[in-house]
Structure formats: C-alpha cells, structure tokens
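Visitor:
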Amino acid sequence: MKILIAYASTEGQTRKIVRFCADYLTTEGHSVELLPAEDAIDTDLSQFDAALLAGSVHGGKYQKPLIALASRQADALAHMGAAFMSVSLAAAGDDEDDWEGLEDCVNRFVSQTEWSPARVMHVAGAFRFSEYDFLKSWAMRWIAAQKGQDVDPHKDKEYTDWAALRIALSDWISAASSR
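Just so it is clear: in the sequence shown, position 37 is 37 by the working numbering, and no numbers are missing.
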C-alpha cells in the first residue's frame with residue numbers, strides 16, 4: 001500500500017512517533033510518504049491507498065496546520081477511511097476525566113474540520129523539558145505533580161508505548177488493506 005502520514009509537532013515527540021510509524025510500515029512492505037501537515041495540504045490524496053494524520057494536544061487543541069489540512073481534505077480523507085493519531089500526555093494515564101477531555105478534543109477537531117476519522121489512535125507523548133521555556137517548564141512540572149508524576153526538569157521523559165503503537169498500526173493497516 002502507498003500511505004501518506006501527515007503530522008504537526010510542537011516539541012518533537014509527534015514527529016518522533018510518526019517517524020517510528022513510517023519506519024514500521026516500510027518494514028512491513030508499504031510505501032510511505034511522511035510530510036509536515038503544512039506541506040501536505042494540497043497533496044492529491046487519490047495517489048494514496050491510506051492516510052494517517054497525527055497531531056498533539058496542547059491546551060485542548062491541535063496544531064493549526066493539521067486542522068487546515070483535515071478541513072481542506074475532509075472529503076478525500078473520509079473516502080479513503082483515513083486514521084487520526086492524537087498524541088498527548090493524558091493518554092499515558094488512566095484518569096477518567098483526562099480521557100473524557102481527550103475525547104472532547106477529538107470531537108472539537110472533528111467539528112472544526114468536518115472530517116470524522118475512520119479510526120482514532122491515542123498515543124502517549126512526552127515531557128520535552130529540553131524544548132520548554134522557563135514558564136512552560138514550570139507549568140509542566142506543576143501538571144506532573146498534580147498527576148503524581150516525578151519528573152526531572154533537566155531531562156525529557158517519554159511515555160510513548162512503542163510496542164502498543166506497533167500493534168495499533170498493524171491493526172489499522174490490516175483494516176485499511178481490506179477496504
């Protein structure tokens with residue numbers, strides 16, 4: 001299959017995750033084109049068999065280029081049964097309120113873009129202290145403390161479950177192949 005992966009990344013974890021996805025899918029025999037969302041906005045999706053859009057949640061929202069891409073390509077994405085990957089720290093935990101918040105974020109995304117993904121994958125992100133300014137670092141430490149997480153503001157902390165991601169990708173591509 002020929003697969004498009006388009007993404008938006010704020011601090012780099014989503015970019016790392018989609019690079020992993022592209023590498024995995026390539027080793028499984030697929031052809032993958034990996035593009036930042038702003039570069040994919042005018043892409044002719046008819047040349048692809050499947051698509052995966054990925055973005056991270058910040059302040060309850062996804063990145064503007066991802067929203068623009070999904071809005072502009074909503075019909076083509078719906079026609080091909082494309083998937084959406086939502087990257088967030090909340091996906092690392094079991095807090096029911098956090099998961100409800102994630103669902104609200106996806107629902108707002110769907111409402112904004114008028115694209116309802118065939119599949120949504122929630123992937124845990126990371127604390128990227130190396131990318132934060134002083135205020136964001138302080139805020140992220142406070143958030144971590146509220147969730148009982150011990151973080152070192154001098155080190156990044158990754159929560160992405162790579163084995164679970166591999167399984168989710170395998171399930172998604174199997175379903176996409178049978179479309």
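Ideal Cβ placement from N, Cα and C applies to all residues, glycine included.
For a test of the three-state rule: what should DSSP assign to His30, helix, strand or coil?
Guide: DSSP places His30 in coil when its eight states are reduced to three.
Visitor: Given Ala92, which residues of its chain have a CB within under 7 Å of its CB, disregarding the five upstream and five downstream residues?
Guide: Taken in chain order, the residues that qualify are Ala124, Tyr159.
Visitor: Could you say which of Glu11, Gly12, Val18 lies nearest to Ile3 if we only look at CA atoms?
Guide: Among Glu11, Gly12, Val18, the Cα nearest to that of Ile3 is on Val18.
Visitor: Under a Cβ-count criterion, where at least 16 other Cβ atoms within 10 Å of its own Cβ denotes burial, should Glu11 be classed as buried or exposed?
Guide: Result: buried.
Visitor: Would Gly55 be called buried (16 or more neighbouring beta carbons within 10 Å of its own) or exposed?
Guide: Buried.
Visitor: Between which two residues does the alpha helix (DSSP H) holding Lys64 run?
Guide: 64–72 is the extent of the alpha helix (DSSP H) around Lys64.
Visitor: Flag this pair as touching only if the stretch 75–86 and the stretch 114–121 have three or more C-beta atom pairs under 8 Å; answer yes or no.
Guide: At 8 Å Cβ cutoff, the stretches touch.
Visitor: Terminal residues of the continuous beta strand (DSSP E) containing Val87?
Guide: Looking at the DSSP string, the run of the beta strand (DSSP E) that includes Val87 is 83–88.
Visitor: Tell me the rounded alpha-carbon separation between Asp150 and Ala68.
Guide: Their Cα atoms are separated by approximately 36 Å.
Visitor: Between Asp42 and Pro36, what straight-line distance do the alpha-carbon atoms span, to the nearest angstrom?
Guide: About 12 Å.
Visitor: If you run the structure through DSSP and keep just helix, strand and coil, what is Lys155?
Guide: Coil, per DSSP.
Visitor: Mind checking which residues open and close the beta strand (DSSP E) that includes Ser56?
Guide: That run of the beta strand (DSSP E) goes 50–56.
Visitor: Whose C-alpha, out of Arg179, Ala168, Cys105, Lys155, is nearest the C-alpha of His58?
Guide: Nearest C-alpha to His58: Cys105.
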